[in-house]
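What follows is a set of notes on a single structure, which appears directly below.
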Amino acid sequence: MKYIMLMYSNPSAGPQTEEEGEASAPKWYGLLQEGKKAGALVDNQGVMPESDATTVRIRDGKSVITDGPFAETHEQFGGYFVFECENLDEAIAWAEKIPTVEYGSIEIRPLYSHEDYQ
Numbered sequence: 004m005k006y007i008m009l010m011y012s013n014p015s016a017g018p019q020t021e022e023e024g025e026a027s028a029p030k031w032y033g034l035l036q037e038g039k040k041a042g043a044l045v046d047n048q049g050v051m052p053e054s055d056a057t058t059v060r061i062r063d064g065k066s067v068i069t070d071g072p073f074a075e076t077h078e079q080f081g082g083y084f085v086f087e088c089e090n091l092d093e094a095i096a097w098a099e100k101i102p103t104v105e106y107g108s109i110e111i112r113p114l115y116s117h118e119d120y121q
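Here's what the structure looks like:
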């Protein structure tokens with residue numbers, strides 16, 4: 004089963020300077036290498052800050068376009084990983100290795116497979 008791991012954090016809690024970002028890079032690269040070597044890492048990507056987000060809703064048949072994230076919150080969505088895992092316990096073990104877990108949170112969700120509906 005594939006699990007998506009959504010990374011959330013308060014932007015002020017993570018690395019703030021170029022030096023802090025560079026210091027955290029080995030954790031990120033190590034995770035990428037470990038996930039690829041294990042054959043578990045399917046995909047990962049970061050996203051631009053919430054200031055670049057656009058939210059779309061349809062209310063009463065009309066599109067409502069809003070600049071910014073979909074909800075008021077201190078933690079913002081920052082990116083994701085997709086891992087192929089045997090079960091939730093394995094997914095949790097991978098989530099615990101994502102550096103964001105040290106200053107934010109990782110939400111794990113199983114992904115539907117298109118094969119499940121064919």
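Heads up: the sequence shown at position 10 corresponds to 13 in this note's numbering, and the numbers run straight through without jumps. Beta carbons: idealized from backbone N, C-alpha and C, even for Gly.
Practice prompt. Check Leu-48 in the structure and name its three-state DSSP category.
Written response: The question names Leu, but residue 48 in the sequence shown is Gln. In the three-state reduction of the DSSP assignment, Gln-48 falls in the strand class, which pools E and B.
Worksheet item: Can you tell me whether DSSP reads Ser-27 as helix, strand or coil?
Response: Note: Ser-27 maps to helix in three-state DSSP.
Worksheet item: Hey, Gly-82 and Gly-49: beta-carbon distance below 8 Å or not?
Response: Yes; because the gap between Cβ atoms is below 8 Å, this pair is in contact.
Item to complete: Look up Asp-63 in the DSSP assignment and say whether it is helix, strand or coil.
Response: Annotated three-state conformation of Asp-63 is coil, per DSSP.
Practice prompt. Go ahead and pull the three-state DSSP assignment for Gln-79.
Written response: Note: Gln-79 maps to strand in three-state DSSP.
Worksheet entry | The alpha helix (DSSP H) enclosing Leu-91, as first and last residue numbers | Where Leu-91 is concerned, the enclosing alpha helix (DSSP H) stretches over 91 to 98.
Worksheet item: By how many angstroms is the C-alpha of Leu-9 removed from the C-alpha of Phe-84?
Response: Those two C-alpha atoms are separated by around 7 Å.
Fill in: Cβ-based neighbour list, Leu-102, same chain, cut-off 8 Å, excluding 5 preceding and 5 following
Checking the sequence shown, residue 102 turns out to be Pro, not Leu. If we look at Pro-102 and ignore the five residues flanking it on each side, its Cβ neighbours are Ser-27, Lys-30, Trp-31, Leu-34.
Worksheet item: If we count Cβ pairs, one from each stretch, closer than 8 Å, do we get three or more for the region 102 to 117 versus the region 16 to 24?
Response: Under the Cβ criterion (8 Å, minimum of three pairs), the region 102 to 117 counts as touching the region 16 to 24.
Item to complete: Determine the closest residue to Val-59 out of Gly-42, Gly-24, Thr-69, with distance taken between C-alpha atoms.
Response: Nearest of Gly-42, Gly-24, Thr-69 to Val-59, Cα basis: Thr-69.
Worksheet item: Nearest-angstrom Cα distance between Leu-91 and Lys-40?
Response: Approximately 20 Å between the Cα atoms of the pair.
Fill in: Spatial neighbours of Gly-24 in its chain, beta-carbon cut-off 7 Å, leaving aside the 5 residues before and after
Excluding the 5 residues flanking it on each side, Gly-24 has same chain C-beta neighbours closer than 7 Å at Pro-18, in chain order.
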